[in-house]
Every structure is written in C-alpha cells, then in structure tokens.
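In the working numbering, the protein residues as written are 10 to 468.
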Ligand code: ARG
C-alpha cells in the first residue's frame, strides 16, 4: 500500500511519521459497510447515466459486496498502512476486479464520500441509540406505574420540601427522556440529506443523478450547496449535543440513585447483579453503574467541545482537521451505547423501600405548605398563613415533633381558624392527593401522565 492514489504529482514517498499521522483507518474502518453501500449506489447511478458500462457496474457492485462479506467474516483484514477506509476499499476493489475499480471514483471526491459515509453511519447508530433510549423509557414508566402511591419527600436545595410520590418523581425523568428522543429524531431529520455530488467542493461536470442516489440510500433530500455539502458537520455536532443532554439527564438520575441507595437515605436497594463490592471492606455494596454513568457523561460533553472547537476556525470547504470529527463522535456514541444497557438494567432491577421514603416525607415538615393553604381556605391571606405555619414549625422543631403531633388546643393558640379537620388536611396522603392539576403528583393525575407517555412513541 505504499503507492498512493495521488502519487502522480509527487517526487518523494511520504515520510513514515506523516503516513501514520495522516492515516485514519484505525478509527474510520468501522464505516466500511456505509462506504460500500455508498459506492454501490454511486456505481449504479454512474451506470444509469451511461458513464459506466453495465458490465463495470456489475463487477463493482459484486466486488464491493464480496469485500464487505470478507470483512464481516474476518477473511479480509484492514491494512493499517492504508490512508483511510475509503482508500482501502477502493484499492482492494481494484486489486480484485482491475480497471473497473479505477472507474468507481468518477465524479466523486473523498470529501463528499466521507461526508456521505459519516451521515449514513450516524443515521444507523442513531436508530440503535433510539431503541436503547426507548427501553429505558419503558423501564422508567413501569417503575413509575408501580409507585403512583409511594410517598417520598420532594426536595429543593436537597432539603425536604413537599410530599410527592416516587412515581411522580420518575415521571420527571420520563419527560426528559421523551425530549431526548424527540431531539434525536429532529437531529436525524436534518442528517438525512445526501451530500454526494458535492465533489471536492465545487460539484462536478458529470450530470450525476443525485436524486437517484438519494433514493437508493434512503435519504429524504439532497444538499443544496456543494461547499456546505462537504464541509458541514452540524449533523455530527447536533448528535453530540443531543447525546450530551441525554447523558446530563442520566447523570442527574445517577446522582439520585447514588443518594437513594446510601444508608442515609435507603430509599432503594440496587440489585446485587447491578452493584459491586469492595476489595477491602466486606460490607460494601457500591452503586458503580450509576457512578460510571455520572462519570462518563463528561466524555460525551468532551466530544461536543472537541467538535465545536475543531470546526470553529475552518475556512470553507474541506480541511483535514475535519478528520478529527470521527473519534469524537464515535466515542460519544460508544459511551452512550455502553451506558444504556447497564443503566437500564440497574433501574429495572432496583427494589423500592416505601417505608423509608414515607418516613423521610413524614419527618421534614413537608406538609407545612399545606397547613398554610388550609388557613388560606379558611380566609387568611397567604402571607399571614405562611407566618402562622412557620411559627408552628418552629415550635415543633423545638419539641422534636411533627405538625400533626400538636393538639388542637396548641394549634388554636396560633390561629383560631384551625379546626379538627386540620389533621386530615395535612396528612401526607391529602397533601399528595389534593395536588390534582396537570403535572401534579396526585395518583390519578400521574396515571394519566403515564398513559399519555406510553402513547408518545407507540408508532
Ligand atoms: N480520511 C479523510 C477524512 O476522514 C477523508 C477525506 C480526505 N480528503 C482529503 N481531501 N484529503 O476526513
């Protein structure tokens, strides 16, 4: 592979250090299927417009198919000295079928070829990621459904705030995940455009049938500017952005899982199969899956920054800097695909401790707002009601008791609007069940939200 496809103009062989530096096959070989698919479509189109003979098209398409099969079967190894996967496949094709192989690149540049392959590859991977996201979506919905009556404290500032249910809490993540999936779908829609035909940067003089190639490769549209067609990497950036937001969501849930599974909270217990032990402390059961997810989110954000920085100073059109796009976006994809099954499995197998959740909700004056609202319903302005409730909390803090432990007489010393119905009004069950507006934790409301969420992606 020492002979270069561009040798014609050069008097010297490439320095070995440059060879290794320049080569991308170590990381772009994974696009071999897309490269073959793209080249087959290009060859068929060249045949249809009379640039390649039917015989050449036949041997190119068959030859490429065999190369693909040989790679899949492990009979053909990638040549580490090849410049990239595109050069490798073309050289292999020519070695196998002769001159027809040399005609394949007519009317095409590696610049539009690599733009095509990357779009095809990311489009394929996006579907795999989407399926993984949907599995997690379903697991969270199932867990939410089992816990529409499981009361726990909702927090602000990580301080107990108001009682909600575990199902309601999980449905917040279902909403985030729904947006992640819809962002992924949007991103794929913009990615779904054929750049082939842009040439090196200025299109081509051959009357290529771009619409035919688009149809064959399943693209919804073709790019409208040849410079943009070869130098746009928005689609990779957008995917890195979508995956970054998704990982940020998983990282937040990971943080909660880590807190919840601590002995201090003990709201949940992770399954043994999704936890790890310590090499020295025999009692330990660690939430490594959640911690790794929280940790790996940083890699994905890093890929986004790599891509943004790589692109921001590039004059139109193609620049070799852009070869750096692949490792960044591939690592983002690999990281997400590594996280998803472990994370989903962890969520699917955890055990909920409703007793512990309830204890926490009962212990933190999470019904203090409802006490104030009770007084408002009896005619007190909210600001005054807030103050009465605050004073009662202060009293309880001093005594080490809960609001509902006070006697009616004690309540009345702070407001004679308070009657015997106060106990019912500030019970945790009432606090939750009375919150019935759309988006609130009432069990029926949450069940309706779950039903709605189940319909979302039911296509
Ligand atoms: N391996 C290259 C890449 O990934 C292919 C494009 C090379 N084009 C060029 N004009 N050198 O970007």
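Virtual Cβ for every residue (Gly too), placed ideally from N, Cα, C. Every value quoted in this text rests on a predicted model; they were computed, and no experiment measured them.
- Taking a cut-off of 8 Å on C-beta distances, the region 335-344 does not touch the region 214-225, as fewer than three cross pairs fall below it.
- In the same chain as residue 443, and ignoring 5 residues on each side of it, the C-beta atoms closer than 8 Å to its own belong to 379 and 451, in chain order.
- By the C-beta criterion, the region 188-198 is judged not to be in contact with the region 28-45, since fewer than 3 inter-stretch pairs fall below 8 Å.
- Non-local beta-carbon contacts of residue 234 in its own chain, meaning distances under 6 Å to residues more than five positions away in sequence, are absent.
- Here the region 170-185 makes no contact with the region 238-246; the two share fewer than three CB pairs at distances below 8 Å.
- The straight-line gap separating the alpha-carbon atoms of residue 40 and residue 445 is approximately 51 Å.
- DSSP places residue 105 in the helix class (H, G or I) of the three-state scheme.
- A straight-line Cα-Cα distance of about 6 Å links residue 316 and residue 246.
- If you draw a straight line from the Cα of residue 208 to the Cα of residue 54, it is about 15 Å long.
- For residue 162, the enclosing beta strand (DSSP E) begins and ends at 160-165.
- In the DSSP assignment, residue 435 falls outside any beta strand (DSSP E) and carries neither an H nor an E.
- Below 8 Å, enough C-beta pairs join the region 361-376 and the region 161-170 to call them touching: three or more.
- Judged by their CB atoms, residue 143 and residue 248 are not nearer to each other than the 8 Å cut-off.
- Between ligand 1 and the CB of residue 331, the shortest heavy atom gap is smaller than 7 Å.
- Rounded to whole angstroms, residue 275 and residue 374 show a C-alpha spacing of 19 Å.
- Only exposed fits residue 460, as fewer than 16 other CB atoms lie within 10 angstroms of its CB.
- Per the C-alpha coordinates, the member of 259, 381 and 347 positioned closest to residue 181 is 259.
- Note that the C-beta distance between residue 306 and residue 256 is below 8 Å.
- Distances from the CA of residue 147 to each of 86, 437, 184 and 107 were compared; the closest alpha carbon is that of 184.
- In this structure, the C-beta of residue 18 stays at least 7 Å away from each heavy atom of ligand 1.
- Secondary structure of residue 63 (DSSP, three-state): helix.
- Distance from residue 296 to residue 270 at the Cβ level is roughly 5 Å; contact confirmed, criterion being Cβ atoms closer than 8 Å.
- Remark: the shortest separation between the CB of residue 119 and any heavy atom of ligand 1 falls under 7 Å.
- DSSP, reduced to helix, strand and coil, places residue 169 within a strand of the structure shown.
- Cβ-Cβ distances below 6 Å link residue 454 to 445 in the same chain, with the five nearest sequence neighbours on each side left out; the list follows chain order.
- Spatial neighbours of residue 411 in its own chain (CB-CB distance under 8 Å, excluding positions within 5 residues in sequence) are listed in chain order as 371, 372, 374 and 405.
- Assigned with DSSP and collapsed to three states, residue 31 falls in helix.
- In the DSSP annotation of this structure, the continuous segment of the alpha helix (DSSP H) that includes residue 51 starts and ends at 41-57.
- Under the three-state reduction of DSSP, residue 315 is assigned to helix.
- The residue from 38, 100, 352 and 308 with its alpha-carbon nearest to that of residue 340 is 308.
- Between ligand 1 and the CB of residue 177, the shortest heavy atom gap is not smaller than 7 Å.
- The shortest CA-to-CA distance from residue 441 to any of 187, 178, 226 and 279 is the one to 178.
- Collapsing the DSSP output to three states places residue 230 in a strand.
- The region 125-139 and the region 73-82 do not touch, with fewer than 3 CB-CB distances between them shorter than 8 Å.
- In this model, residue 27 and residue 90 are separated by some 11 Å (Cα to Cα).
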